[in-house]
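Since the structure comes first, as structure tokens, the remarks are kept for the end.
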Amino acid sequence: MKYLKQFMIILAISFAGEILKLCLPLPIPASIYGMLLMLVALLTGILKLRHVKETGRFLIEIMPVMFIPAGVGLIDSWGQLCGIIVPVSIVTVAVLIIVMVVTGRVAQRVIIFTQKFSGHTDKTN
Amino acid sequence: MNELINDSAYAGVAISLLIYFATTTLKKRINFALFNPLLITIAVTIAILVAADVDYEVYNKGAKYLSWLLTPATVCLAIPLYEKWQVLKDNLAAILLSVFAGVFTSLTCVFAISKIMDLSHREYVTLLPKSITTAIGIGVSEELDGYVTITVAVIVITGVLGNMFGEVICKIFRIVEPVARGLAFGTAAHVMGTSKAIELGETEGAMSSLAVAVAGLMTVVIVPFFGNLM
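Respectively, the protein sequence lines represent chains A and B.
Straight run, no breaks: the first sequence in the numbering used here ends on number 125.
Straight run, no breaks: the second sequence in the numbering used here ends on number 355.
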């Protein structure tokens, strides 16, 4: 019953996310609203970790599997994709690498800088 | 037999899960970036569907329940985030600056490459939301009047590639700090990158989840400006 109860809570928060999506005119999916709601509920203590922990862990663990249908769905968009495959491939690969490097390096730089600033240089260097 | 497979709501998903299970088990022995369980499962499933002449619609009769779980699973990403709340607070400046830098770079690069390759306005806006999570990307693409199906395809391909090569890219460019690695995965390869970041460590996973949300929100805010550039 523990798992059912946890799943129920998670679905209820997902539903609350759907309601927010309906009320706010932004192109933000219910899942992101739900994630923010769950975070707020945990931080304020309305929700305790034990109310969602095991089922949440399970869902996160099997998450890659949930992308299989979308990936297989490439079958149906293949026709459209075919015509612009060259620019699309270049953009996809190049931007992926550049964005990863920029984000990672900026984060690393700022972290090292702030640690130096507060006198904790020993950890990173 | 063929008719059974052609109508079954379970055959396709069962086969996909079997392939995924087999490849993840093998992955423990073969440590090679190209050997990515998610990619192999998608490719082999497509090959089987094409060979057996099964429509995606039939496959999706069962597979859609896997996608259905994605919303509650994404909601649950708040759990590792909550557990790493202190890390988040300690690194707030790094998080906001780096994710903003990533989002801005993503949009600028798509603009630059589209300009160089002389793409049409519609093709350009189709590619703009490529780094963010599918559900937000669909909304952005619709809003800007792009080809939504292609946007989804590009987002999925980005995710698969991020999942495959993220670790290697971090290694080559010496991104070693766990917080920085997580942010890089989430900003560049959304939730699919996050599922890889979780494997690398708890901090990586939490920061990656956070980056997905923050990058998505930032993109929504600044993308209208980019939409008008070309």
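All C-beta atoms in this analysis are idealised placements derived from N, C-alpha and C, irrespective of residue type, glycine included.
Shown here, D215 of chain B sits in a helix according to DSSP, grouped into three states. Residue contact check for M242 of chain B against chain A: a CB pair falls below 7 Å.
Listed along chain A are I68, each with a C-beta nearer than 7 Å to that of S141 of chain B. If you draw a straight line from the Cα of D178 of chain B to the Cα of G83 of chain A, it comes to about 23 Å. Close to S133 of chain B, with beta-carbon spacing below 7 Å, lies no residue of chain A; the smallest spacing is near 15 Å. Secondary structure remark: continuous alpha helix (DSSP H) runs of at least 4 residues inside the segment 239 to 263 of chain B, in chain order: 246 to 252.
T170, I171, L174, Y181, Y184, N185, A188, K189, L191, S192, L194, L195, T196, P197, A198, T199: these are the residues of the segment 168 to 199 of chain B whose beta carbon lies less than 7 Å from some beta carbon of chain A, given in chain order. Within the segment 268 to 328 of chain B, the runs of alpha helix (DSSP H) that reach at least 4 residues and sit entirely inside it are, in chain order, 273 to 297, 303 to 325.
Inclusion of T230 of chain B and I98 of chain A in the CB contact set at 7 Å is warranted, their separation being smaller than that value.
Looking at A:I19, A:P25, A:L42, the one whose alpha-carbon comes closest to that of S31 of chain A is A:I19. By the CB criterion at 7 Å, N161 of chain B and M355 of chain B fall outside the cutoff. DSSP places A147 of chain B within a helical segment (H, G or I) once states are collapsed to three. In the structure shown, N161 of chain B adopts coil according to DSSP, grouped into three states. Between P197 of chain B and S14 of chain A the beta-carbon gap is near 5 Å, inside 8 Å, which marks them as a contact.
For the C-beta of M8 of chain A, not a single chain B residue is nearer than 8 Å; the gap to the nearest is close to 11 Å. Per the coordinates, the alpha-carbon of L286 of chain B lies some 22 Å from the alpha-carbon of V106 of chain A.
Secondary structure within the segment 12 to 59 of chain A: not one fully enclosed beta strand (DSSP E) run of 3 or more consecutive residues is present.
Interface criterion not met: the Cβ of G79 of chain A is under 7 Å from no Cβ in chain B.
Under the 7 Å criterion on CB atoms, V281 of chain B is classed as interfacial with respect to chain A. The alpha helix (DSSP H) runs lying completely inside the segment 172 to 197 of chain B and spanning 4 residues or more are 181 to 193, given in chain order.
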